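Colleague: For the sequence shown, position 31 matches number 31 in full-length UniProt numbering, and the numbering has no gaps at all. Idealized CB from N, CA, C, for every residue including glycine. A quick note: this is a predicted structure, and the numbers were derived from the prediction, not measured.
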Amino acid sequence: MEVCPIEQRSNKQANANSGIDLIKYIAAILVICFHCERVFQEPELNFIFKNVLCRIAVPYFLISTSYFVRRGQQKSSGYTQRYVKSLLKSYLFWSLIYLPVGFLWIQQNYSLTPITYPVALFAGFFYTGTYYHLWYIPAAIFAIIVVQWLIKKVGYPILFGIAGLMYSFGSLETYYAYIKNEQVKHFFDQYIRIFITTRNGLFFALIFVAMGFFIWDYREKFASYQKYSGKLVVLAALLLLGEGLVVYKNSGIDKNFMFSLIPLVLVLFWWSLTIAVNKAVDVRRLRELGKYYFFLHPLCIVWAKSLIKSYDFLSHSWVQLAIVLVMTHILSSLIISLIEYPPTGYVDVWQRIKFTRFSLPVLNE
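1. Rounded to whole angstroms, what's the CA-CA distance from ALA280 to ALA123? Just pull it up for me.
2. Rounding to the nearest angstrom, what Cα-Cα distance links GLU37 and TYR167 in this structure?
3. Measuring only the C-alpha atoms, how far is LYS309 from VAL265?
4. Could you say if the region 32 to 48 and the region 164 to 182 meet the contact criterion of at least three C-beta pairs nearer than 8 Å?
5. Three-state secondary structure (DSSP) at ALA210?
6. If you draw a straight line from the alpha carbon of GLY19 to that of TRP216, how long is it in whole angstroms?
7. Grab the span of the alpha helix (DSSP H) containing TYR167 for me, first residue to last.
8. Should HIS297 go down as buried or exposed, given a rule of 16 or more other Cβ atoms within 10 Å for buried?
9. In whole angstroms, give me the CA-to-CA distance for ILE196 and TYR341.
10. Counting only the same chain and skipping the five closest in sequence on each side, list residues whose C-beta sits under 8 Å from that of GLN148.
11. For a test of the three-state rule: what should DSSP assign to SER76, helix, strand or coil?
12. For LYS180, name the three-state secondary structure that DSSP assigns.
13. Determine contact between the region 155 to 173 and the region 248 to 261, defined as no fewer than three beta-carbon pairs at a distance below 8 Å.
14. Any contact of the region 284 to 298 with the region 225 to 234, i.e. 3+ C-beta pairs under 8 Å?
15. Who are the Cβ neighbours of ASN51 in its own chain at under 6 Å, not counting the five residues just before and after it?
16. Return the chain-ordered list of same chain residues with a C-beta closer than 7 Å to the C-beta of ILE301, the five sequence neighbours on each side being excluded.
17. Could you check where the alpha helix (DSSP H) with VAL267 kicks off and where it finishes?
18. How would you write the range of the alpha helix (DSSP H) that LEU245 sits in, first residue to last?
19. Whole alpha helix (DSSP H) runs in the region 38 to 125 with 4 or more residues, listed along the chain?
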């Protein structure tokens with residue numbers, strides 16, 4: 001892979017963006033792998049793959065999203081408002097799609113009375129998502145708005161201090177088994193009882209969005225040290241692996257938060273700005289596929305589970321994963337093709353729902 005200076009000429013910027021698109025596409029596949037059943041039979045290997053490697057995906061989405069949002073903000077004063085408005089439209093669309101599946105999941109996992117369903121719906125839409133993967137969008141919107149405001153009010157040093165403290169509190173769910181102070185544990189138990197998780201815009205997304213803004217604002221200084229980015233990625237990856245082994249020995253409530261993700265995702269994104277993808281690779285297509293992979297794969301997982309119940313020979317974990325990946329790819333490709341080449345007589349209909357092609361907030365145009 002060749003290295004090219006960042007932000008000097010438009011064609012070189014396109015090369016930098018193509019590297020980001022490639023990594024995001026890989027990250028979308030990692031999200032699918034994470035949400036599927038056990039991938040490896042060996043517990044240690046499966047943990048490293050799903051709870052170390054796959055955990056890189058969402059922070060990378062957040063930092064790439066915020067990097068391009070920051071670029072858009074500096075080009076247009078009303079960019080954030082337009083971006084959030086468009087994103088909310090897409091979020092509403094996908095929330096309605098997943099609403100029936102989400103209610104079915106709630107009925108299977110929680111003892112809620114019908115009178116509490118409106119509360120669950122409100123919490124789902126504004127906090128956890130109407131299905132498990134949709135939490136990402138309200139978290140990203142919240143973090144983008146808060147980071148933009150804090151940069152204006154207090155600047156980056158205090159912003160990173162606040163974001164670091166928030167992330168540290170959120171990490172208690174990962175390091176719950178290591179909490180020795182009973183008062184801290186009791187307080188955290190009360191928080192989890194009410195808010196379910198710390199994986200949200202305040203505790204999780206804030207620091208990664210802040211980093212995306214920071215990289216754009218100081219891109220020229222980052223560019224002067226690009227020659228070290230590859231080595232730093234390797235070093236940060238080793239740190240994450242070591243932290244993952246610590247977490248594996250004493251697993252907490254969940255494993256969303258690892259401190260090594262912060263430097264790793266930063267240098268990974270920084271390094272991806274230097275990747276020049278071969279022109280034969282259609283990165284625009286990969287960008288579109290990655291968006292739909294994210295949104296459609298839970299439906300494909302549900303369908304695959306129904307298929308496997310009918311055919312026992314499909315029950316192997318790798319077979320299940322392959323089925324989900326193939327189904328997700330085919331469905332995503334079909335939707336993209338229908339949007340690009342709508343059936344005769346349905347052009348107006350497709351134009352009205354065309355916003356769905358911009359559904360995942362990791363745009364870089």
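Modeller: Quick look at the numbers:
1. Rounded to whole angstroms, ALA280 to ALA123 spans 45 Å at the Cα level.
2. The alpha-carbon atoms of GLU37 and TYR167 are separated by roughly 28 Å.
3. Rounded to whole angstroms, the gap between the alpha carbons of LYS309 and VAL265 is 38 Å.
4. In the pairwise beta carbon analysis, the region 32 to 48 is classified as not touching the region 164 to 182: fewer than three pairs are separated by under 8 Å.
5. Three-state result, ALA210: helix.
6. Our two residues, GLY19 and TRP216, have alpha carbons roughly 16 Å apart in a direct line.
7. Residues 156 to 170.
8. HIS297 counts as buried, since no fewer than 16 other beta carbons sit within 10 angstroms of its beta carbon.
9. Distance between the alpha carbons of ILE196 and TYR341 is about 43 Å.
10. GLN73, THR80 and PHE213, listed in sequence order.
11. Residue state, collapsed to three classes: coil.
12. The three-state reading of DSSP puts LYS180 in coil, since its state is none of H, G, I, E or B.
13. Result yes; three or more Cβ-Cβ pairs closer than 8 Å.
14. The region 284 to 298, when compared against the region 225 to 234, does not touch it at the 8 Å Cβ threshold.
15. Correct list, in chain order: LYS255.
16. In chain order, HIS35, CYS36 and VAL324 place their CB closer than 7 Å to the CB of ILE301, counting only its own chain and leaving out the 5 sequence neighbours on each side.
17. 261 to 272 is the extent of the alpha helix (DSSP H) around VAL267.
18. Start and end: 229 to 249.
19. Listed in chain order, the alpha helix (DSSP H) elements of length 4 or more contained wholly in the region 38 to 125 are 43 to 48, 57 to 75, 79 to 109 and 117 to 123.
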